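In this note's numbering, the protein residues as written are 295 to 929. Using N, Cα and C, we set each Cβ at its ideal position, and we do this for glycine too. Predicted model, so just to flag it, every value in this text is computed and none were measured. Scroll down for the structure; my scribbles are underneath it.
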Amino acid sequence: MSKKQFKSESKRLLDLMIGAIYTHREIFLRELISNASDAIDKLAYISLTDPNVGLSRDDFEISITIDGENRTLTVSDNGVGMTETELEQNLGVIAKSGSLAFKQKLGDDKGDTDVIGQFGVGFYSAFMVASKVRVVSRAYGSDTAFAWESTGSDGYTIEPTTRDTVGSDVILTIKPDTDDEDYDEWLDEYTITSLIKKYSDYIRHPIVMDVTKSRKIEGEDGKSTWEDYTERETVNSRVPLWQRPKSEVTDEAAAAFFMERWHGTDEPAAVISVDAEGTVTYRAMLFVPSRAPYDYYTREYEPGLTLYASGVMIMERCAELLPEHFRFVRGVVDSPDFTLNISREVLQHDRQLRAIRSNLERRVRSELAKLLEQKRETYEGFWREFGLQIKYGLLSNYGENREQLQDLLLFWSSKAQKLVTLSEYADAMLSDQQFIYYACGTSLAQLESLPQTELVRERGYDILLLTDEIDDFAMQALEKFGEKTLKSVRADDLGLQSDDEKHAVEESEKSHAALLDFVKESLGERVAAVKLSPNLKGSASALGAQGYVTLEMERYFTLARTAGAAETPPKAERVLELNADHTAFRALESAFGTDKPRAKLLAETLCALAELAAGVGVSDVKSLTEAVWQLTVNN
295 MSKKQFKSES KRLLDLMIGA IYTHREIFLR ELISNASDAI DKLAYISLTD PNVGLSRDDF
355 EISITIDGEN RTLTVSDNGV GMTETELEQN LGVIAKSGSL AFKQKLGDDK GDTDVIGQFG
415 VGFYSAFMVA SKVRVVSRAY GSDTAFAWES TGSDGYTIEP TTRDTVGSDV ILTIKPDTDD
475 EDYDEWLDEY TITSLIKKYS DYIRHPIVMD VTKSRKIEGE DGKSTWEDYT ERETVNSRVP
535 LWQRPKSEVT DEAAAAFFME RWHGTDEPAA VISVDAEGTV TYRAMLFVPS RAPYDYYTRE
595 YEPGLTLYAS GVMIMERCAE LLPEHFRFVR GVVDSPDFTL NISREVLQHD RQLRAIRSNL
655 ERRVRSELAK LLEQKRETYE GFWREFGLQI KYGLLSNYGE NREQLQDLLL FWSSKAQKLV
715 TLSEYADAML SDQQFIYYAC GTSLAQLESL PQTELVRERG YDILLLTDEI DDFAMQALEK
775 FGEKTLKSVR ADDLGLQSDD EKHAVEESEK SHAALLDFVK ESLGERVAAV KLSPNLKGSA
835 SALGAQGYVT LEMERYFTLA RTAGAAETPP KAERVLELNA DHTAFRALES AFGTDKPRAK
895 LLAETLCALA ELAAGVGVSD VKSLTEAVWQ LTVNN
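Put into structure tokens, the structure is as follows:
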């Protein structure tokens, strides 16, 4: 028996393949199990026309054996096996795939024969954890078995041996532990069963192994003891939930699967099952959670659907399968059509992903719309958890998603005192109402008393109250709903004054120009401008902003800076709005003519009250305290 060299290049090539292709050592078990499954599939296919196989589908299995004493891990199958020549061709030539050759022999250009391994490199991932790999294989139709053995890229040997039945044993001698690496874990029963459940749970053939269990032994003295024993068990589930007919999957089973798989404590708000055929054939089972994970709105949260190729897990989180505004969706996608890269860890082309993504996006949106219409209470619970994410979707890609998302939005109605859709708001609008009015702020209580809402309320119009930091951005991105334009109550022109009323305000500002200049000078950099407002009714003052950056945007940028997203947050150019019909303004006007220090105190007080009402906080608490004290003493 002489040692043979690998026919493709050298030690450097094998080292490069093992080190560069696979990102996780644990992948080796998935690859070996997939190869075993392929071998069984080949013999099962042959059995369809060859009665001499003597095995039914129920007889096929993959066996995993751990031998801690000898530091071996064995993956066995009763599949088609390999001849000496096939061992030479398939294992002696790196990147030579027996599965691919099998498909080509059948003339299977469309992929109807479902074998997983097509690249011929998965086997070599075993060298990431093994110091020696021995393959004992007996091919179907042969009475002789052969053993292929290698310690790595220095070469391999092939020699005759014995095996009682057709099939293959892949025996890994696990490397010894080092100071940096723990190889003992690959001999741990719990680790191996966990990896089977993670990557190969839905291989169609049973994966069996001896599992350690405990049982209670009752003694003659009435005392009980526990003893460990082993029992041969099928470790994998075989048929995944999403591959079963929809009629066979109960709501309880789907909910249990979701909560176990994604560690949820609540049943999902919705379950979406997809069975698609066409450009890409795939099945999917998606879940809309009813509660956000604790880390959902943090950088640590990892979105994405779990990707399977013919029942083998390829990617645990594939974020490309859904847009960012649906990142809360969990679930699985399984397809035999995926074109994978050589390590079977990621997709080689994104055309298939784009096709699936487009369909899944439509399905999720449709399911959410259905939930909103048919299970309003459930949807409102979902909205409280994930509504902010939908709003983020309005901002992405320059607002291109607003048509798809606008019907999913909910807002607090000041008039109805409940959450309403834009459609519900529009249906309830008064006949003379031109705009959909909204107000952004820090809380519902603050917005309910916002001075700028007074004129809109006086007309009997509803106002949508929004309290998320991004709401001002979102509403500007939305811009319109149907034929109705959205308008902030902080806008200069609310569309509620006649031309004569506007002209009267302009004339009043001209006649009070000196007073307004005095107030601006008294407040210094606290405000960029001071003006009279036609929108105030019961309040003496209000705080607004001029230019693009609103008070709410300033709040958002400030919070973003706190989170490290901006160095210097932009500031709003604050505008103090005064009500010329209010008694406080008349007192200011009177003091301006006779007592400038008192007028300054009144100006500071009106500004501070406006800041409080706007929810931005008083910029100079000390000045406010002194102003109120002086006004009280000198009154």
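Burial state of E848 (16 or more Cβ within 10 Å): Looking up residue 848 in the sequence shown gives position 554. E848 is buried by the Cβ-count criterion.
At least 3 beta-carbon pairs within less than 8 Å: the region 348-361 vs the region 484-497: yes
Cα-Cα separation between W706 and E571, rounded to whole angstroms: By one-based count along the sequence shown, residue 706 stands at place 412. By one-based count along the sequence shown, residue 571 stands at place 277. If I take the Cα positions, the gap works out to 42 Å.
Straight-line Cα distance separating L772 from K685: Along the sequence shown, read from residue 1 onward, the residue named residue 685 stands at position 391. Along the sequence shown, read from residue 1 onward, the residue named residue 772 stands at position 478. The straight-line gap from Cα to Cα measures roughly 10 Å.
C-beta atoms of I837 and A904 nearer than 8 Å: Sequence index remark: in the sequence shown, residue 837 carries index 543 (1-based). Sequence index remark: in the sequence shown, residue 904 carries index 610 (1-based). The identity of residue 837 in the sequence shown is Leu, whereas the question assumes Ile. Yes; because the gap between Cβ atoms is below 8 Å, this pair is in contact.
Cut-off 6 Å between Cβ atoms - residues of its own chain near I566, not counting five sequence neighbours on either side: Taking the first residue of the sequence shown as position 1, residue 566 is located at position 272. L580, R657 and E661, listed in sequence order.
Length at least 3, wholly inside the region 428-507: the beta strand (DSSP E) runs in chain order: 439-446, 449-455 and 461-468
Alpha-carbon spacing of W556 relative to A550, whole angstroms: Position 262 of the sequence shown holds residue 556. Position 256 of the sequence shown holds residue 550. Roughly 10 Å separates the two Cα atoms.
Local conformation of K778 per DSSP, three classes: One-based indexing of the sequence shown puts residue 778 at position 484. K778 falls in the strand class under three-state DSSP.
Proximity below 8 Å, CB of T455 to CB of K426: Start at 1 with the first residue of the sequence shown, and residue 455 comes out as number 161. Start at 1 with the first residue of the sequence shown, and residue 426 comes out as number 132. Not in contact: T455 and K426 (Cβ atoms no closer than 8 Å).
Range covered by the beta strand (DSSP E) that runs through L837: If you number the sequence shown from 1, residue 837 lands on position 543. Segment S835 to Q840, the beta strand (DSSP E) holding L837.
Contact set for L830: own chain, Cβ-Cβ below 7 Å, skip 5 residues either direction: For this step, residue 830 is matched to residue 536 along the sequence shown. P745, E748, A836, E871 and N873.
Under the three-state DSSP convention, the category M579 falls into: Residue mapping note: residue 579 aligns to position 285 of the sequence shown, counting from 1. The answer is strand: DSSP assigns M579 an E or B state.
Assigned exposure category for E752 - 16 Cβ within 10 Å defines buried: Your numbering for residue 752 matches position 458 in the sequence shown. Burial call: exposed.
Neighbour-count burial assignment, Y850, 16 or more Cβ in a 10 Å radius: The count along the sequence shown starts at 1 and reaches residue 850 at position 556. So Y850 counts as buried.
Boundaries (first-last residue) of the beta strand (DSSP E) holding R624: The residue you call residue 624 lines up with position 330 of the sequence shown. Taken as a continuous stretch (DSSP letters only), the beta strand (DSSP E) holding R624 covers R624 to D628.
Neighbourhood of G909 by C-beta, 6 Å cutoff - its chain only, sequence neighbours within 5 removed: Taking the first residue of the sequence shown as position 1, residue 909 is located at position 615. Around G909: G735, T736 and Q740.
Close beta carbons around A881, own chain, < 7 Å, minus the five adjacent residues each side: To locate residue 881, count along the sequence shown from 1; it is residue 587. Only L896 meet the Cβ criterion.
Completely contained beta strand (DSSP E) runs for the region 714-798, where each covers 3 or more residues: For the region 714-798, the continuous beta strand (DSSP E) assignments of 3+ residues that do not extend past its boundaries occur at 729-734, 757-760 and 778-782, in sequence order.
Pair within 8 Å by beta-carbon distance, D721 and E846: Within the sequence shown, the letter at position 427 stands for residue 721. Within the sequence shown, the letter at position 552 stands for residue 846. Cβ distance not < 8 Å, so D721 and E846 don't count as in contact.
Residue interval of the alpha helix (DSSP H) (run including W677): Within the sequence shown, numbered from 1, the residue matching residue 677 stands at position 383. That run of the alpha helix (DSSP H) goes R670 to L689.
Reduced DSSP category for M553 - H, G, I as helix; E, B as strand; rest coil: Residue numbering aside, residue 553 sits at position 259 when the sequence shown is read from its first letter. Here M553 sits in helix by DSSP.
contact_flag[the region 375-382, the region 504-517] where n(CB pairs < 8 Å) is 3 or more: no
Range of the contiguous beta strand (DSSP E) that encloses L367: Residue mapping note: residue 367 aligns to position 73 of the sequence shown, counting from 1. That run of the beta strand (DSSP E) goes T366 to D371.
With 16 other Cβ atoms within 10 Å as the buried cut-off, status of G362: One-based indexing of the sequence shown puts residue 362 at position 68. The residue in question, G362, is exposed, as its Cβ has fewer than 16 Cβ neighbours within 10 Å.
Opening and closing residue of the beta strand (DSSP E) in which S518 lies: For the purposes of this step, residue 518 is taken as the residue at position 224 of the sequence shown. Note, S518: beta strand (DSSP E), S518 to T528.
Paired residues, beta bridge with W706 - DSSP: What you label residue 706 is simply residue 412 of the sequence shown in a count that begins at 1. The partner list for W706 (beta bridge, DSSP) reads L713 and L759.
DSSP-derived helix/strand/coil call for S604: By 1-based counting over the sequence shown, the position of residue 604 is 310. Here S604 sits in coil by DSSP.
Given 8 Å, three or more beta-carbon pairs between the region 426-439 and the region 447-465: yes
Cβ shell of V912 (< 8 Å), same chain only, five flanking positions each side left out: Numbered from 1 along the sequence shown, position 618 holds the residue referred to as residue 912. Taken in chain order, the residues that qualify are A902, E905, L906 and L918.
From P630, F322 and Q700, residue whose alpha carbon lies closest to that of S419: Working through the sequence shown from its first residue, we reach residue 419 at position 125. Closest option to S419, Cα to Cα, is F322.
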